[in-house]
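First the structure, in the form of structure tokens, and then the observations on it.
Protein chains in written order, with the numbering used here: chain P, 759 to 862; chain V, 759 to 862.
As structure tokens, then:
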């Protein structure tokens with residue numbers, strides 16, 4: 759499915775790390791929140807989580823190391839990774855990452 | 759109005775100028791297409807138009823010079839500028855620009 763239908767979109771984007779990550783927040787018809795975004799290639803970024811997240815990779819390539827893990831894992835198009843709540847992950851993007859972030 | 763309701767969102771973003779501009783395409787319930795996006799501060803960028811565009815500035819600050827015009831004009835939150843179809847504009851963003859692009 760290449761699009762979300764029947765959603766609300768917050769017009770103003772979320773901009774993190776000087777624009778290295780830009781996302782837009784969505785609210786689905788059932789009230790569930792998600793975001794769609796991009797992370798640009800470059801140095802490793804550390805993201806902190808509040809709620810647990812599932813990051814679904816639509817396109818691009820990244821290496822992810824979850825807080826407390828000793829190794830990183832690579833993810834590309836069609837793959838996902840899960841991050842616990844109140845945690846963090848380091849992400850190194852090598853090819854512009856397009857993603858959907860699912861919360862909770 | 760801070761959000762669009764009852765729209766479809768293309769999951770994959772549009773990334774221009776090495777990520778200096780990131781937008782997401784929307785399709786409204788009546789079939790009208792718009793996009794919501796961000797342009798990061800930095801050097802002047804030149805955008806070409808196919809259809810005419812109205813750029814609605816939600817936040818940030820920019821200077822815009824339309825093709826064929828001899829002077830640039832400044833735009834900030836709450837302001838809009840119109841660009842003819844099959845034309846171009848130079849934009850210099852001085853404070854991260856959040857926008858809605860209306861086509862046609």
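Quick reminder that beta carbons are idealized off the backbone N, C-alpha and C, glycines included. Predicted model only: the values in this text are computed from it and were never measured.
In the structure shown, residue 777(P) adopts helical secondary structure according to DSSP, grouped into three states. DSSP places residue 816(P) in the uninterrupted beta strand (DSSP E) bounded by 811-824. Here residue 857(V) really is in contact with residue 814(V); their C-beta atoms are around 6 Å apart, less than 8 Å. Within its own chain, the residues whose Cβ lies closer than 7 Å to the Cβ of residue 767(V), once the five positions on either side in sequence are excluded, are 782, 784, listed in chain order. Spanning the alpha carbons of residue 791(P) and residue 836(P) requires a straight line of approximately 21 Å. The CB of residue 817(V) comes closer than 7 Å to the CB of 770 in chain P, given here in chain order. Residues of chain V whose Cβ lies closer than 7 Å to the Cβ of residue 763(P) are, in chain order, 766. Each of 800(V), 861(V), 817(V) was checked against the Cα of residue 848(V), and the nearest Cα belongs to 800(V).
Taking 8 Å as the cut-off, the beta carbon of residue 773(P) is found closer than this to the beta carbon of residue 854(V). Residues of chain V whose Cβ lies closer than 9 Å to the Cβ of residue 760(P) are, in chain order, 768, 769, 770. Counting only the Cα atoms, residue 794(V) lies some 30 Å from residue 832(P). Beta bridge pairing from DSSP links residue 806(V) with 846(V). For residue 788(V), no beta strand (DSSP E) segment is defined, and its DSSP state is neither H nor E.
Within the model, the alpha-carbon separation for residue 819(P) versus residue 804(P) is close to 16 Å.
Distance between residue 777(V) and residue 770(V), taken at the CA atoms: about 13 Å. Taking CB atoms only, residue 860(P) has no neighbour in chain V less than 8 Å away. A straight line joining the alpha-carbon of residue 828(V) with that of residue 807(V) spans about 19 Å. Annotation: Cβ neighbours of residue 854(V) in chain P (cutoff 8 Å, chain order): 773, 777. In the three-state reduction of the DSSP assignment, residue 784(V) falls in the strand class, which pools E and B.
Judged by beta-carbon spacing, residue 861(P) lies beyond the 8 Å limit of residue 787(P), meaning their Cβ atoms are not closer than that value. For residue 841(V) against residue 780(P), the beta-carbon gap comes to about 22 Å, at or over 8 Å, which does not count as contact. If you draw a straight line from the Cα of residue 761(P) to the Cα of residue 765(V), it is about 10 Å long.
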